[in-house]
Amino acid sequence: DTEVTQTPKHLVMGMTNKKSLKCEQHMGHRAMYWYKQKAKKPPELMFVYSYEKLSINESVPSRFSPECPNSSLLNLHLHALQPEDSALYLCASSQGSATYNEQFFGPGTRLTVL
Amino acid sequence: QKEVEQNSGPLSVPEGAIASLNCTYSDRVSQSFFWYRQYSGKSPELIMSIYSNGDKEDGRFTAQLNKASQYVSLLIRDSQPSDSATYLCAVIGSSNTGKLIFGQGTTLQVKP
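Sequence lines, in order, name chains A and B. Be aware that the first sequence starts at 1047, since it is given in my numbering, and climbs by one per residue. Be aware that the second sequence starts at 2, since it is given in my numbering, and climbs by one per residue.
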């Protein structure tokens, strides 16, 4: 199984809502990533988990809260988002977080904040 | 200077031609280079990785790396309309954190 799965595919939420994005991989990878992608822009790294520990936080606002319950799962908890947070949220995984590791992306969650 | 630069295009080629996509990077000690294909509305799909100077071939795709010139390219032979997509060049730099640094992407249009 060489797939990264993400749920939900689409999410519409109000600025006062709390929601969570979920990501799962069964490739035995030990690094997992959250990226944000706006239209016609490349993905921007948000967080990196390596061996279930947060190793990189790219100065992401606290309204985004990542969680890695185990080596196969990655969550992104959302609270009090702004309309400008509307984007495609991508999860990726790789064998490790070092230099030569290929990252594989999931299909993404299209988030709309009203 | 941007860390990873690509011509945004669109690059238009006729069906059956060779498409040549180029990318330059600024971190001289970068060691890992990747090409992703992204169809409109979809997520990036890894199509090539290259770590050493020279060429790496996989089917119709050839990645070329020249570390002295800080240049990486992707050649697509026998281009098909289904190759029409945005191609993202990505580099892992000297930080060794696994952080991918993307270029802005080149839009390729293959015309039947």
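Virtual Cβ for every residue (Gly too), placed ideally from N, Cα, C.
Among the residues of chain B, those whose CB is under 8 angstroms from the CB of residue 1145(A) are 32, 33, 93, 97, 99, following chain order. Contact between residue 1109(A) and residue 1124(A) is confirmed by a C-beta separation of about 7 angstroms, below the 8 angstroms threshold. In the DSSP annotation of this structure, residue 3(B) is not part of any beta strand (DSSP E), being labelled neither H nor E.
Taking 9 angstroms as the cut-off, the Cβ atoms of residue 1083(A) and residue 1160(A) do not count as close. Annotated as proximal: residue 41(B) and residue 87(B), with beta-carbon spacing under 9 angstroms.
Inclusion of residue 1121(A) and residue 1067(A) in the CB contact set at 9 angstroms is warranted, their separation being smaller than that value. Residue state for residue 56(B) is assigned as strand, using DSSP reduced to three classes.
Contact of residue 1112(A) with chain B is not assigned, every C-beta pair being separated by 9 angstroms or more. 1117(A) is the residue among 1117(A), 1150(A), 1157(A), 1148(A) whose C-alpha sits nearest the C-alpha of residue 1074(A).
Listed along chain B are 35, 47, 50, each with a C-beta nearer than 8 angstroms to that of residue 1148(A). Scanning 1156(A), 1089(A), 1099(A), 1098(A) for the CA closest to the CA of residue 1132(A) turns up 1156(A). Proximity to residue 1148(A) across 30(B), 6(B), 44(B), 51(B) peaks at 51(B), based on C-alpha coordinates. Classified as exposed, residue 1053(A) has fewer than 16 neighbouring CB atoms from the shown chains inside 10 Å of its CB. Between residue 100(B) and residue 106(B), the gap from beta carbon to beta carbon reaches 9 angstroms or more. In the three-state reduction of the DSSP assignment, residue 1104(A) falls in the coil class, being assigned neither a helical nor a strand state. For the set 32(B), 29(B), 31(B), 48(B), the Cα lying nearest the Cα of residue 38(B) is the one of 48(B). Straight-line measurement puts the Cα of residue 1130(A) at about 12 angstroms from the Cα of residue 1060(A). Counting along the chain, the unbroken beta strand (DSSP E) around residue 49(B) starts and ends at 46–51.
Residue contact check for residue 1074(A) against chain B: no CB pair falls below 9 angstroms. In this structure residue 1136(A) touches residue 1081(A) by the C-beta definition: roughly 4 angstroms separates them, less than 8 angstroms.
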